[in-house]
Amino acid sequence: MIFKIRHVGLKVKDLDKSIKFYRNLGFSVISRGIEHWDSGPPIGVCKLKTMGGEILELIEAVIWPENHFALTVNDLWSVDHLKILKEKKSIKYHVIYVKDLDGHWIELVQKN
């Protein structure tokens, strides 16, 4: 079951310029840092929030990850009919990536 849309993730060319752009639109920064995916180079990530609480994730990366939206779910394996394209596990979360019928990336997140 899907609980909510967790965030929308956008790949950007210049994280600092993009943060400034979205702050000028009224978003507020809630976190900024570096993430490491697989054996690839570090990825700059900034999460921003609207006044309504919606999250926008800005990603400065040469390769993965792609533009996507993320859903919080309570049973990742209820979607076992979908082809898992990427998977990430941490102490707090289990994340899988799938594509919809039009090729859009969807991040499915379940708390451990």
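Using the working numbering, the first residue of the sequence shown is number -12, and each one after it goes up by one.
Think of the CB as a built atom: it goes at the ideal place given N, C-alpha and C, for glycine as much as any other residue.
What you are looking at is a predicted structure, and each value in this text was computed from that prediction instead of being measured.
May I ask you to report which of helix, strand or coil DSSP gives residue i?
i, result
"V49", "coil"
"I6", "helix"
"S65", "helix"
Could you tell me which residues DSSP pairs with residue i in its beta bridges?
i, result
"V32", "G20 and I46"
"K(-9)", "T59"
Between the options, which has its C-alpha nearest residue i's C-alpha?
i, options, result
"I71", "I93, G39, K0 and E47", "I93"
"F8", "H55, G27 and L45", "L45"
"R(-7)", "D87, V60, D1 and K75", "V60"
"K75", "N54, S65, D89 and K98", "K98"
"F56", "G40, H91 and D62", "H91"
What is the rounded straight-line gap between the Cα of residue i and the Cα of residue j?
i, j, result
"K73", "D25", "10 Å"
"L43", "Y80", "19 Å"
"V16", "V96", "22 Å"
"G20", "G31", "6 Å"
"E22", "I50", "13 Å"
Between residue i and the ligand PLP, is the CB less than 8 Å from at least one heavy atom?
i, result
"G40", "The ligand PLP is absent from the structure shown, which contains no ligand whatsoever."
Skipping 5 residues on each side, what residues in its chain have a beta carbon closer than 8 Å to that of residue i?
i, result
"V(-1)", "S5, L45, I46 and E47"
Can you list, in chain order, the residues of its chain whose CB lies under 7 Å from that of residue i, leaving out five sequence neighbours each side?
i, result
"L69", "V85"
"D87", "I93"
Does any residue of chain D have a CB that is nearer than 9 Å to the CB of residue i?
i, result
"L69", "This model lacks chain D altogether, as it is built from one protein chain only."
Excluding the 5 residues preceding and the 5 following residue i in the sequence, name in chain order all residues of the same chain whose CB lies nearer than 6 Å to its CB.
i, result
"S18", "K34"
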